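Chemist:
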Amino acid sequence: MTIDYQEKIPNNVGLGEDRRLRRALERWLPGYQRWWREFGPVDSESLDVYLRTAISVEAGGWANYGYVRMPDYRWGIFLAHPEPDRRVGFGMHAGEPAWQEVPGEYRAELRRLIVTQGDTEPASVEQQRHLGKTCPSLYDLRNLFQVNVEEGRHLWAMVYLLHGFFGRDGREEAEAMLERHSGDPDRPRILNAFNQETPDWLSFFMFTYFTDRDGKYQLASLAESGFDPLSRTCRFMLTEEAHHMFVGESGIRRIVQRACEAMNEHKTGEPRAHGVIDLPTLQKYLNLHFSASLDLFGQELSTNAANYYTMGLKGRFRETRIDDDHRLADALYPVPEVRGDAAVMVEAPALTAVNERLRDDYVVDCQRGLGKWNRVIRDAGIDFELRLPRRAFNRKIGAFAGIRSTPEGRIITEGEWDRRQAGWLPSAEDQAYVQSLMAPVTEPGKMANWIAAPAKGIDGKPIEFEYLRFD
Ligand SMILES: [Fe+2]
Ligand SMILES: [Fe+2]
């Protein structure tokens, strides 16, 4: 089905024929718009931004670029096409036809999964709302706003499921999505990483690399769901998520490149004297964001996760491509455990370890970007290597929550942690330094001194293209 832009709410779910649902969503719309004005990007009302908008959900052909006045962005509801004869792929219902309605006995669990995912989407918009004021270039500002409008659309995707399939309590949950706010002491967002500030662009790039990638893995495992509408909406969201992670990966690469250039130009002295972000500081931000994102996967052993799996609600990453029984009746999976002052691996039931498996898949994926960034450093002839810290480092959830560890994974005392943590995580001084670099650059084609130009522009346009028009 093509996307209907004549409707007040663009969609490919036949909203025109479903009066009850359309009216429910149209009642939610003004609250959403109010939320965007109050909690979305600051001072963006009068900007024309060169954005992509979905015009169809066909692979590769969905993006249409053009100038959009930010508040007029057409948020909508887009599901990937149904797969004919799709079956539940795992758990106790494996092989049964996928559900087109919510199975009554799993209603509460499914709603919880959708609310938890949905809550992260507006949260990241709230976290990033001040960044526009200090953009390093028009190109980057456009990318920020593209990410923001798409996270807004991801909220729409989850709200569609709540309104369309859960009745009254779904509508209440949809309201609550606009009432919780990132960092709000009384009504915070559900997950901790989404209550932290994103105070500068280095944090933004780290967030889009590491935290949006957590989003990719959560969405991918929900895309396996036996509840077909959830699967289809997640499959389309994943195509948007890919751009967010590109923004992070390329942003960090450009910062690394600029740091290396400055070091090679000047040979001596502190890179900071030349107004770039030095590699050790980058490593600290990386340590922080990676460890916070690892926590988002939850406990290593989780009965909730096992239940979601057995019920057929949330699968493993690329479940259908895994060659096993898809029930995990007797299978084992290695998980870390702290014994005394050492971390050891123990075999646990694979069913209760599905969180850990997803985290493992995520870590492998994270490593790929580091390979690219380290190549830039090597090619510049500089002796430095960015590394992912070990799992035990700086964790708040799971087996390592109660201990202190070096980035290399050695368990240490609280005293050693206190003495050394400023060398591993951004200190107040590091944060102040990064903040001191944040000044807006809005001349087309120009870049802030601390970041290299991108390899190419967006949508085949040159880097000097006017990606934003100010009124
Ligand atoms: Fe998202
Ligand atoms: Fe995202």
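Using this note's numbering, the letters of the sequence shown correspond one by one to residues 868 to 1338. C-beta: ideal position from N, C-alpha, C; glycine also. The structure presented is a predicted model; accordingly, all values stated were derived computationally and were not measured.
1. For residue 1413, I'd like the list of residues in its chain whose CB is within less than 7 Å of its CB, leaving aside the five on either flank, ordered along the chain.
2. I'd like to confirm something about residue 1341: is its beta-carbon nearer than 7 Å to some heavy atom of ligand 2, or not?
3. Please give me, in chain order, every unbroken run of the alpha helix (DSSP H) with length at least 4 that falls completely inside the region 961-1030.
4. Could you give the DSSP three-state label for residue 935: helix, strand or coil?
5. Just mark residue 1160 as buried or exposed, buried being the case when its beta carbon has 16 or more other beta carbons within 10 Å.
6. Helix, strand or coil for residue 920? Go by DSSP, reduced to three states.
7. Within a Cβ cutoff of 6 Å, which residues of the same chain sit near residue 1004, ignoring the five residues on either side of it in sequence?
8. Could you pull the start and end residues of the beta strand (DSSP E) that residue 1214 belongs to?
9. Please report the distance separating the alpha-carbon of residue 1095 from that of residue 948.
10. In whole angstroms, what separates the C-alpha of residue 929 from that of residue 1323?
11. Pick from 1303, 1254, 1018 and 1007: whose alpha carbon is nearest that of residue 1320?
12. Please name the residue or residues paired with residue 1271 in a DSSP beta bridge.
13. Grab me the residues of residue 1166's own chain with a C-beta within less than 7 Å of its C-beta, minus the 5 sequence neighbours each way, in chain order.
14. For residue 915, write down the residues that DSSP places opposite it in a beta bridge.
15. Terminal residues of the continuous beta strand (DSSP E) containing residue 1204?
16. Taking 7 Å as the cut-off, is the CB of residue 1104 close to at least one heavy atom of ligand 1?
17. Exposed or buried, what is residue 934 when buried is set at 16 or more other beta-carbons lying within 10 Å of its beta-carbon?
18. Give every residue of the same chain whose Cβ lies closer than 7 Å to the Cβ of residue 1138, excluding the five residues on either side of it in the sequence, and list them in chain order.
19. Would you mind working out which of 901, 1084, 1238 and 975 sits nearest residue 939, comparing C-alpha positions?
20. Is it the case that the CB of residue 1014 approaches a heavy atom of ligand 2 more closely than 7 Å?
21. To the nearest angstrom, how far is the alpha carbon of residue 1011 from that of residue 903?
22. Helix, strand or coil: which one does DSSP assign to residue 878?
23. Should residue 921 be labelled buried (16 or more other beta-carbon atoms within 10 Å of its own) or exposed?
24. Straight-line CA distance for residue 946 to residue 1207?
25. Kindly examine ligand 3 and report whether one of its heavy atoms sits closer than 7 Å to the Cβ of residue 1047.
26. Give me the DSSP bridge partner(s) of residue 1286.
27. Tell me whether residue 959 is buried or exposed, calling it buried when 16 or more other Cβ atoms sit within 10 Å of its Cβ.
28. Does DSSP classify residue 1259 as helix, strand or coil?
29. Alpha helix (DSSP H) containing residue 1316: first to last residue?
30. Taking the continuous alpha helix (DSSP H) assigned at residue 872, which residues delimit it?
31. DSSP three-state call for residue 1330: helix, strand or coil?
32. By alpha-carbon positions, which one of 1187, 1219, 1181 and 1204 ends up nearest to residue 1196?
33. Alpha carbon to alpha carbon, how far is residue 1185 from residue 1227?
34. Give me whichever residues DSSP pairs with residue 1060 in a beta bridge.
35. Would residue 1153 and residue 1071 be called neighbours here (beta carbons separated by less than 8 Å)?
36. Please specify which runs of the beta strand (DSSP E), each continuous and at least 3 residues long, are wholly inside the region 1106-1183, giving them in chain order.
Modeler: Looking at the coordinates:
1. This structure does not reach residue 1413, given that the chain is present from 868 up to 1338, and the question cannot be answered.
2. In this structure the chain extends from 868 to 1338, so residue 1341 is not present and cannot be described.
3. 974-994
4. Numbered from its first residue, the sequence shown carries residue 935 at position 68. It is a strand residue.
5. The count along the sequence shown starts at 1 and reaches residue 1160 at position 293. So residue 1160 counts as buried.
6. Stepping through the sequence shown from its first residue, residue 920 is reached at position 53. In this structure, residue 920 counts as strand in the three-state DSSP scheme.
7. For the purposes of this step, residue 1004 is taken as the residue at position 137 of the sequence shown. 1308 and 1314, listed in sequence order.
8. Along the sequence shown, read from residue 1 onward, the residue named residue 1214 stands at position 347. First-last of the beta strand (DSSP E) with residue 1214: 1209-1216.
9. For this step, residue 1095 is matched to residue 228 along the sequence shown. For this step, residue 948 is matched to residue 81 along the sequence shown. Each residue's Cα considered, the two are about 11 Å apart.
10. The count along the sequence shown starts at 1 and reaches residue 929 at position 62. The count along the sequence shown starts at 1 and reaches residue 1323 at position 456. Going by the C-alpha atoms only, they are around 21 Å apart.
11. Along the sequence shown, one-based indexing puts residue 1320 at 453. Of the candidates 1303, 1254, 1018 and 1007, the one whose C-alpha sits nearest the C-alpha of residue 1320 is 1007.
12. Taking the first residue of the sequence shown as position 1, residue 1271 is located at position 404. In the DSSP output, where bridge partners are listed per residue, residue 1271 has 1279.
13. As a working mapping, residue 1166 is identified with position 299 in the sequence shown. So the list reads 1222, 1264 and 1265, once near-sequence residues are dropped.
14. The residue given as residue 915 occupies position 48 in the sequence shown. Beta-bridge partners assigned by DSSP to residue 915: 936 and 1336.
15. Against the sequence shown, residue 1204 aligns to sequence position 337. Its beta strand (DSSP E) spans residues 1199-1206.
16. Reading the sequence shown from its first residue, position 237 is the one you call residue 1104. The answer is yes for residue 1104.
17. Numbered from its first residue, the sequence shown carries residue 934 at position 67. With fewer than 16 other CB atoms across the displayed protein chains lying within 10 angstroms of its CB, residue 934 is exposed.
18. By 1-based counting over the sequence shown, the position of residue 1138 is 271. Counting only Cβ-Cβ distances below 7 Å, and skipping sequence neighbours, we find 1126, 1129, 1130 and 1145.
19. Reading the sequence shown from its first residue, position 72 is the one you call residue 939. When only C-alpha atoms are compared, the closest one is 901.
20. In the sequence shown, counting from the first residue as 1, residue 1014 sits at position 147. Yes.
21. Residue numbering aside, residue 1011 sits at position 144 when the sequence shown is read from its first letter. Residue numbering aside, residue 903 sits at position 36 when the sequence shown is read from its first letter. Using only the alpha carbons, I get a separation of about 15 Å.
22. Indexing the sequence shown from 1 puts residue 878 at position 11. The answer is strand: DSSP assigns residue 878 an E or B state.
23. Numbered from its first residue, the sequence shown carries residue 921 at position 54. When all chains shown are included, residue 921 counts as buried.
24. Position 79 of the sequence shown holds residue 946. Position 340 of the sequence shown holds residue 1207. Their backbone Cα atoms lie some 49 Å apart in a straight line.
25. The ligand content of the structure shown is limited to ligand 1 and ligand 2, which means ligand 3 is not among them.
26. Start at 1 with the first residue of the sequence shown, and residue 1286 comes out as number 419. Answer is none; residue 1286 lacks a bridge partner.
27. Here the question's residue 959 lines up with position 92 in the sequence shown. Exposed, since its Cβ has fewer than 16 Cβ neighbours within 10 Å.
28. Looking up residue 1259 in the sequence shown gives position 392. Reduced to three states, the DSSP call for residue 1259 is coil.
29. On the sequence shown, residue 1316 is found 449 positions in, with the first residue counted as 1. Run containing residue 1316: none; DSSP gives neither H nor E here.
30. By one-based count along the sequence shown, residue 872 stands at place 5. Where residue 872 is concerned, there is no enclosing alpha helix (DSSP H), given that its DSSP letter is neither H nor E.
31. Within the sequence shown, numbered from 1, the residue matching residue 1330 stands at position 463. If DSSP states are grouped into helix, strand and coil, residue 1330 belongs with coil.
32. In the sequence shown, counting from the first residue as 1, residue 1196 sits at position 329. Of the candidates 1187, 1219, 1181 and 1204, the one whose C-alpha sits nearest the C-alpha of residue 1196 is 1219.
33. Indexing the sequence shown from 1 puts residue 1185 at position 318. Indexing the sequence shown from 1 puts residue 1227 at position 360. About 13 Å.
34. If you number the sequence shown from 1, residue 1060 lands on position 193. Answer by DSSP bridge pairing: none, since residue 1060 is not bridged.
35. Numbered from 1 along the sequence shown, position 286 holds the residue referred to as residue 1153. Numbered from 1 along the sequence shown, position 204 holds the residue referred to as residue 1071. Not a contact, by the Cβ cut-off of 8 Å.
36. Complete beta strand (DSSP E) runs here, min 3: none at all.
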